[in-house]
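Once you know that position 85 of the sequence shown is 85 in the numbering used here, the rest is easy, because the numbers rise by one and skip nothing.
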Amino acid sequence: MSTMNRRNFLKFTTAAAAATPFLAGKSAFAADEKHIVVIGGGVGGATFAKYMRLYAPEVKVTVIERKKEYQRPYGSSEIIVGNVDMNDITISYDALQKKHGVNFVFDTVTGVDFDKREVSTENGTKITYDRLVVAPGISFDYSGIAGMDTEAAQQAIVHGWDAGDQLLTLQKQLEAVPVDGTVVVVPPPNPYRCPPGPYERAGLITQWLINRGDKNAKVIILDPKNGFTTDVTMLQAWNRLYGFNLPKAFEKNYKPEQVATFTKHETPGKIQWVMAEEGGRVVKVDVAAKTVEAEAGVFKADMINIIPPLKAGKIALDLGLADKSGWCPVDQKTFESTLHPLVHVIGDACIAGEMPKSGYSANSQAKVVALQIKALLAGQPTIEPVLQNTCYALAGQSDYGMFVADVFRLKDGKLKRADQPRYLPFNASTAQYRLSAVYLHAWMDSFTQDIFS
Ligand SMILES: Cc1cc2nc3c(=O)[nH]c(=O)nc-3n(C[C@H](O)[C@H](O)[C@H](O)COP(=O)(O)OP(=O)(O)OC[C@H]3O[C@@H](n4cnc5c(N)ncnc54)[C@H](O)[C@@H]3O)c2cc1C
1 MSTMNRRNFL KFTTAAAAAT PFLAGKSAFA ADEKHIVVIG GGVGGATFAK
51 YMRLYAPEVK VTVIERKKEY QRPYGSSEII VGNVDMNDIT ISYDALQKKH
101 GVNFVFDTVT GVDFDKREVS TENGTKITYD RLVVAPGISF DYSGIAGMDT
151 EAAQQAIVHG WDAGDQLLTL QKQLEAVPVD GTVVVVPPPN PYRCPPGPYE
201 RAGLITQWLI NRGDKNAKVI ILDPKNGFTT DVTMLQAWNR LYGFNLPKAF
251 EKNYKPEQVA TFTKHETPGK IQWVMAEEGG RVVKVDVAAK TVEAEAGVFK
301 ADMINIIPPL KAGKIALDLG LADKSGWCPV DQKTFESTLH PLVHVIGDAC
351 IAGEMPKSGY SANSQAKVVA LQIKALLAGQ PTIEPVLQNT CYALAGQSDY
401 GMFVADVFRL KDGKLKRADQ PRYLPFNAST AQYRLSAVYL HAWMDSFTQD
451 IFS
């Protein structure tokens with residue numbers, strides 16, 4: 001979506017919200033109405049609140065969210081390279097409140113008394129629920145990266161993986177990279193939010209350096225993994241756009257005739273991917289010296305972006321909703337926690353079988369859970385869910401995109417892919433990559449409207 005389109009969209013949603021009668025507030029609900037409380041007004045929580053009210057307008061829904069406006073993480077790497085600004089990713093909760101009658105309490109949840117079914121907040125408010133939906137997103141775990149376990153280190157080398165001001169820090173750090181400098185990007189291990197995201201970010205940074213006029217700048221990805229979602233199409237795009245050479249160890253993922261379609265570039269590409277098998281796993285970071293030590297050796301950088309291992313949002317960990325994996329186990333049909341009854345966990349924080357951690361997944365789960373809770377409140381049978389995900393990503397140029405699309409169904413009590421994931425075809429034409437970018441921008445626009453307007 002162009003910057004202008006995003007701005008117009010925000011103006012439109014605010015105006016639409018203002019024109020709609022106010023439905024929210026205690027007086028809109030009878031005293032015996034069921035009350036669903038939602039922790040977190042991000043993609044999962046906000047979608048759930050809206051669709052719960054659409055499916056069952058008689059149910060009272062209260063979202064407790066710590067920030068007055070939402071900054072969407074999806075598409076947020078484009079802040080770093082200046083394609084969009086912070087206004088473009090900031091979304092108002094007005095329409096959810098005024099048009100859909102969702103109550104909002106802007107506060108931080110600090111505890112839940114599961115026996116009393118009562119949520120408490122930092123400001124001392126206590127709110128009771130019939131069912132609780134927990135959608136707090138992610139938290140970051142630096143404990144396994146030597147050199148990154150202090151507050152000072154984490155402020156110097158930021159992740160920028162949860163929107164917010166860290167994106168502006170990364171933007172400034174990129175602008176300060178000297179001509180023909182080196183940027184190191186470190187993706188996290190699985191599972192993590194937005195599987196193609198770190199690679200899209202590396203591509204965007206590469207393109208930004210090229211646009212600035214750098215002839216010999218380098219972006220090096222040091223990866224703890226041997227592959228990533230959309231790798232086959234992303235690596236092909238980089239081979240065409242950035243002189244990227246396919247790592248030898250990755251060739252086995254292609255047929256020989258596919259490998260033959262890759263151009264072998266004489267010089268190292270502007271973007272390089274050091275996969276785990278070739279020594280990409282990071283063992284130590286020296287913040288002062290700006291070096292990253294990986295199994296393949298020590299890399300000196302002008303800018304370092306490390307996205308550390310992720311876990312469920314802190315409140316989910318504090319409430320004992322996560323298991324030892326750091327993520328929250330849930331019944332795969334209703335997303336009800338297997339550790340605490342009457343509590344449903346959705347979005348990045350939950351373990352949803354083969355579903356990736358993405359905004360699209362969180363949105364799909366939220367709609368299913370609204371239907372399941374409606375049925376449960378009415379004492380009716382729950383539905384057999386069908387869930388979807390599509391992850392879009394840019395190769396670096398904002399008109400060069402790709403995707404993976406999936407449908408998920410319950411098989412033997414687990415959410416599994418109904419079929420093979422769908423990607424761009426191998427050796428897609430430039431027109432097909434460009435069309436995918438058009439879909440990406442259109443999706444971001446309509447997806448945001450679906451959740452927040
Ligand atoms: C760079 C990047 C690009 C991405 N691109 C895509 C993409 O193209 N497509 C896609 O589908 N997904 C994408 N994603 C992933 C997507 O943004 C997330 O998967 C999605 O936001 C998850 O939704 P969620 O509701 O679980 O968490 P969030 O959206 O993070 O929402 C969590 C909310 O909970 C609130 N909260 C947390 N704790 C508390 C508390 N104690 N009290 C009150 N409130 C609390 C937070 O303030 C936040 O508003 C991308 C992510 C990144 C970082």
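Beta carbons: idealized from backbone N, C-alpha and C, even for Gly.
Keep in mind it's a predicted model, so treat the numbers as computed, not measured.
Next on the checklist: For A418, which residues in the same chain have their Cβ closer than 7 Å to its Cβ, ignoring the five residues on either side in sequence?
Outcome noted: On the sequence shown, residue 418 is found 418 positions in, with the first residue counted as 1. Counting only Cβ-Cβ distances below 7 Å, and skipping sequence neighbours, we find V407, F408, R409.
Checklist entry - Do the segment 78 to 94 and the segment 163 to 175 make contact, defined as three or more Cβ pairs closer than 8 Å? => result Short answer: they touch.
Next on the checklist: Our contact map puts E69 next to E33 with C-beta atoms below 8 Å; I'd like the distance itself, whole angstroms only.
Outcome noted: In the sequence shown, residue 69 corresponds to position 69, counting from 1. In the sequence shown, residue 33 corresponds to position 33, counting from 1. Here E69 is actually not in contact with E33; their C-beta atoms are around 28 Å apart, not less than 8 Å.
Checklist entry - What residue from K300, C328, E295 has the CA that sits closest to L310's CA? => result Here residue 310 refers to the residue found at position 310 of the sequence shown. Nearest C-alpha to L310: C328.
Checklist entry - So what does DSSP say about Q388, is it helix, strand or coil? => result Here the question's residue 388 lines up with position 388 in the sequence shown. If DSSP states are grouped into helix, strand and coil, Q388 belongs with the strands.
Checklist entry - Would you report the Cα separation of G75 and V259, rounded to the nearest angstrom? => result Along the sequence shown, one-based indexing puts residue 75 at 75. Along the sequence shown, one-based indexing puts residue 259 at 259. Rounded to whole angstroms, G75 to V259 spans 31 Å at the Cα level.
Next on the checklist: Whole angstroms are fine: how far does the CA of C391 sit from the CA of P421?
Outcome noted: Looking up residue 421 in the sequence shown gives position 421. Looking up residue 391 in the sequence shown gives position 391. Rounded to whole angstroms, P421 and C391 show a C-alpha spacing of 11 Å.
Next on the checklist: Please report the straight-line C-alpha distance between A237 and A56, rounded to a whole angstrom.
Outcome noted: Within the sequence shown, residue 237 is the residue found at index 237, counting from 1. Within the sequence shown, residue 56 is the residue found at index 56, counting from 1. Counting only the Cα atoms, A56 lies some 46 Å from A237.
Checklist entry - Does the Cβ of Y74 lie closer than 7 Å to at least one heavy atom of ligand 1? => result Indexing the sequence shown from 1 puts residue 74 at position 74. Annotation for Y74 indicates a beta carbon within 7 Å of some heavy atom of ligand 1.
Item to check | Proximity test, Cβ basis, 8 Å: F250 and chain D | outcome: In summary, chain D is missing from the structure at hand, where a single protein chain is found.
Checklist entry - Where does N8 sit, in a helix, a strand or coil, going by DSSP? => result Translated into the one-based positions of the sequence shown, residue 8 becomes position 8. Residue placement at N8 is poorly supported in this model, since its pLDDT is 42, which falls under 50; the coordinates still yield a value, given next. It is helical.
Checklist entry - What's the gap between the Cα of G147 and the Cα of A153? => result The residue you call residue 147 lines up with position 147 of the sequence shown. The residue you call residue 153 lines up with position 153 of the sequence shown. If you draw a straight line from the Cα of G147 to the Cα of A153, it is about 7 Å long.
Item to check | Span separating the alpha-carbon of V112 from that of E336 | outcome: Sequence index remark: in the sequence shown, residue 112 carries index 112 (1-based). Sequence index remark: in the sequence shown, residue 336 carries index 336 (1-based). Each residue's alpha carbon lies about 16 Å from the other.
Checklist entry - Can you give the Cα-Cα distance for T20 and D302, rounded to whole angstroms? => result Position 20 of the sequence shown holds residue 20. Position 302 of the sequence shown holds residue 302. Here the model assigns T20 a pLDDT of 33, short of 50, so the residue's position is not dependable, and the following value carries that caveat. Rounded to the nearest angstrom, the two C-alpha atoms are 51 Å apart.
Item to check | For A153, three-class secondary structure by DSSP | outcome: As a position in the sequence shown, residue 153 is number 153, starting the count at 1. Helix.
Item to check | the segment 369 to 389 in contact with the segment 211 to 220 per 3-pair CB rule at 8 Å | outcome: As far as the Cβ criterion goes, the segment 369 to 389 does not touch the segment 211 to 220, which means the pair count is below three.
Checklist entry - Is the closest heavy atom of ligand 1 to the C-beta of G289 under 7 Å? => result Within the sequence shown, the letter at position 289 stands for residue 289. In the sequence on display, residue 289 carries Ala and not Gly. If you check the C-beta of A289 against ligand 1, you find no heavy atom less than 7 Å away.
Checklist entry - Taking only runs of the alpha helix (DSSP H) that begin and end inside the segment 193 to 276, which ones reach a length of at least 4 residues, in chain order? => result Correct list: 197 to 212, 231 to 241, 256 to 259.
Next on the checklist: Comparing C-alpha positions only, which one of K172, V134, R53 sits nearest to N103?
Outcome noted: Along the sequence shown, read from residue 1 onward, the residue named residue 103 stands at position 103. For N103, the nearest C-alpha among the options comes from R53.
Item to check | Contact set for R281: own chain, Cβ-Cβ below 7 Å, skip 5 residues either direction | outcome: Your numbering for residue 281 matches position 281 in the sequence shown. So the list reads P224, A294, E295, once near-sequence residues are dropped.
Next on the checklist: Within 10 Å of its beta-carbon, does F299 have 16 or more other beta-carbons around it, so buried, or fewer, so exposed?
Outcome noted: Locating residue 299 in the sequence shown gives position 299, where the first residue counts as 1. With 16 or more other Cβ atoms from the protein chains shown falling within 10 Å of its own Cβ, F299 counts as buried.
Item to check | N- and C-terminal bounds of the beta strand (DSSP E) containing V455 | outcome: Absent from the structure is residue 455, since the part of the chain shown begins at 1 and ends at 453.
Checklist entry - Looking at C-alpha atoms only, which residue of Q207, A316, I221, S92 is the closest neighbour of Y199? => result Your numbering for residue 199 matches position 199 in the sequence shown. The alpha carbon of Y199 has as its nearest neighbour, out of Q207, A316, I221, S92, the alpha carbon of I221.
Checklist entry - Leaving out the 5 sequence neighbours to the left and right, which residues in its chain are closer than 6 Å to K374 when beta-carbon positions are compared? => result Along the sequence shown, read from residue 1 onward, the residue named residue 374 stands at position 374. Same-chain partners within the cutoff: Y55, A56.
Checklist entry - Among T430, F426, V81, which one has its Cα closest to the Cα of P256? => result Stepping through the sequence shown from its first residue, residue 256 is reached at position 256. Nearest of T430, F426, V81 to P256, Cα basis: F426.
Next on the checklist: I'd like to confirm something about A349: is its beta-carbon nearer than 7 Å to some heavy atom of ligand 1, or not?
Outcome noted: Taking the sequence shown and counting its residues from 1, the one referred to as residue 349 is at position 349. With a cutoff of 7 Å, A349 counts as near ligand 1, since its C-beta is closer than that to a heavy atom of the ligand.
Next on the checklist: At a cut-off of 7 Å, would you count A135 as near ligand 1, judging by its Cβ distance to the nearest heavy atom?
Outcome noted: As a position in the sequence shown, residue 135 is number 135, starting the count at 1. Yes.
Checklist entry - Given a threshold of 16 other Cβ atoms within 10 Å of its Cβ, counted over all protein chains shown, does S27 qualify as buried or as exposed? => result By one-based count along the sequence shown, residue 27 stands at place 27. Only weak support is given to the placement of S27: the predicted model assigns it a pLDDT of 39, under 50, and the question is left unresolved by the model.
Next on the checklist: Closer than 7 Å to a non-hydrogen atom of ligand 1 - does that hold for the CB of T382?
Outcome noted: By one-based count along the sequence shown, residue 382 stands at place 382. The answer is no for T382.
Checklist entry - Since V219 and K270 are thought to touch, with beta carbons under 8 Å apart, how far apart are those beta carbons, to the nearest angstrom? => result Within the sequence shown, numbered from 1, the residue matching residue 219 stands at position 219. Within the sequence shown, numbered from 1, the residue matching residue 270 stands at position 270. Right, the Cβ-Cβ distance comes to about 7 Å (below 8 Å), so this counts as a contact.
Checklist entry - Would a C-beta distance cut-off of 8 Å place V158 and T169 closer than the cut-off? => result In the sequence shown, residue 158 corresponds to position 158, counting from 1. In the sequence shown, residue 169 corresponds to position 169, counting from 1. Against a cut-off of 8 Å, the Cβ pair of T169 and V158 comes out as a contact.
Item to check | Proximity to S139 [Cα-Cα], best of V37, T121, D348, I36 | outcome: Position 139 of the sequence shown, counted from the first residue, corresponds to residue 139. That would be D348, whose Cα lies nearest to the Cα of S139.
Next on the checklist: Quick check on the burial criterion: 16 or more other C-beta atoms within 10 angstroms. Buried or exposed for S436?
Outcome noted: On the sequence shown, position 436 is the one that residue 436 refers to. S436 should be labelled buried.
Checklist entry - Run through DSSP, which three-state label would N190 get? => result Taking the first residue of the sequence shown as position 1, residue 190 is located at position 190. Three-state result, N190: coil.
Item to check | alpha helix (DSSP H) segment containing K367, residue limits | outcome: Reading the sequence shown from its first residue, position 367 is the one you call residue 367. For K367, the enclosing alpha helix (DSSP H) starts and ends at 359 to 377.
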